[in-house]
Amino acid sequence: MQKRQSGAAAVEFAFVLPLLLFIVYAIFVYGYLFVVRESIEFAAHKGVEAAIAVDSGASNADTQRQTQAVAAANCALKWLTGVCTSTIAASSRVVPQYTPCTGSGTSACPTGYGKVSVTYYVLNGGTWVFPKLIGLPFVGTIPPMPETMVATAIARVS
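Okay, structure coming up:
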């Protein structure tokens with residue numbers, strides 16, 4: 761004679777549902793972060809391509825390179841920032857930057873090259889792009905996310 765198990769499926773579902781929700785949320789968050797990472801890589805490459813296009817013989821070539829590189833990077837990230845200009849808002853999550861290489865110091869690239877770095881602040885002003893769900897002892901917050909993501913492209917500009 762079998763015993764009747766009334767409500768067993770509901771109890772099992774109650775245990776499994778939070779785990780399934782965490783997995784779906786993590787897939788969504790990491791999918792978005794992956795797309796952002798690829799986008800800032802693309803923006804850095806577009807920025808350095810714009811810097812290459814500037815005439816090296818111009819008197820203000822570095823200023824033009826900086827303006828063109830930042831504008832190209834911003835335009836490549838228009839879906840993320842909503843702007844396509846050479847200026848950067850102070851509160852922006854995305855910060856493209858052009859640096860002419862000097863061959864020494866922190867630039868770490870040879871003279872005659874230019875470096876475009878695009879920084880994406882996942883944590884900006886104390887707010888995350890996505891809310892973190894829970895904090896566990898010895899594990900930390902779930903899902904773990906980086907505070908910043910940086911993409912860099914270097915090319916010969918002169």
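With my numbering as the guide, the letters of the sequence shown map in order to residues 761 to 918. Heads up, the beta-carbon is just placed ideally off N, CA and C, and yes, glycines get one too.
Helix, strand or coil at residue i according to DSSP, with G and I counted as helix
i: Pro906; result: coil
i: Pro778; result: helix
i: Val855; result: strand
i: Thr912; result: strand
i: Gly900; result: strand
i: Asn884; result: strand
Residue interval of the alpha helix (DSSP H) (run including residue i)
i: Lys838; result: Lys838 to Thr841
i: Lys875; result: Premise fails: Lys875 lies in the beta strand (DSSP E), Tyr873 to Tyr881, not in any alpha helix (DSSP H).
Min CB distance residue i to chain C below 8 Å
i: Glu798; result: No chain C is present in this structure, which holds just one protein chain.
Other residues of its chain near residue i: CB distance less than 8 Å, five sequence neighbours each side excluded
i: Ala831; result: Ala810, Cys844, Thr845 and Ser846
i: Val870; result: A small fix is needed here, since residue 870 is Pro in this sequence, not Val. Excluding residues within five positions, the ones whose Cβ falls inside 8 Å are Cys861 and Gly863.
The ligand PLP heavy atom lying under 7 Å from the CB of residue i
i: Cys844; result: Although the ligand PLP was asked about, the structure shown includes no ligands whatsoever.
Same chain, Cβ closer than 6 Å to residue i, five either side skipped, listed in chain order
i: Thr901; result: Lys892 and Gly895
i: Pro903; result: Ala786 and Val789
i: Ala990; result: Only positions 761 to 918 of the chain appear in this structure, which leaves residue 990 out of reach.
Limits of the unbroken beta strand (DSSP E) element including residue i
i: Leu893; result: Counting along the chain, Leu893 falls outside any beta strand (DSSP E), and DSSP gives it neither H nor E.
Neighbourhood of residue i by C-beta distance below 7 Å, restricted to the same chain and skipping five residues each side
i: Arg853; result: Tyr880, Tyr881 and Asn884
i: Gln826; result: Tyr858
i: Val992; result: Nothing about residue 992 can be read from this structure; the chain reaches only from 761 to 918.
i: Ser918; result: Ser816 and Gly872
i: Pro906; result: Val882
Please determine if the stretch 809-821 and the stretch 778-798 are in contact, where contact requires at least 3 C-beta pairs separated by less than 8 Å. no
Any chance the stretch 802-809 sits against the stretch 832-840, with 3 or more Cβ pairs inside 8 Å? yes
Cβ contact check for the stretch 784-792 and the stretch 857-874: 3 or more pairs under 8 Å: no
What ranges does the alpha helix (DSSP H) occupy inside the stretch 794-833, keeping only unbroken runs of at least 4 residues that lie completely in it? Taken in chain order, no unbroken stretch of alpha helix (DSSP H) lies wholly in the stretch 794-833 with a span of 4 residues or more.
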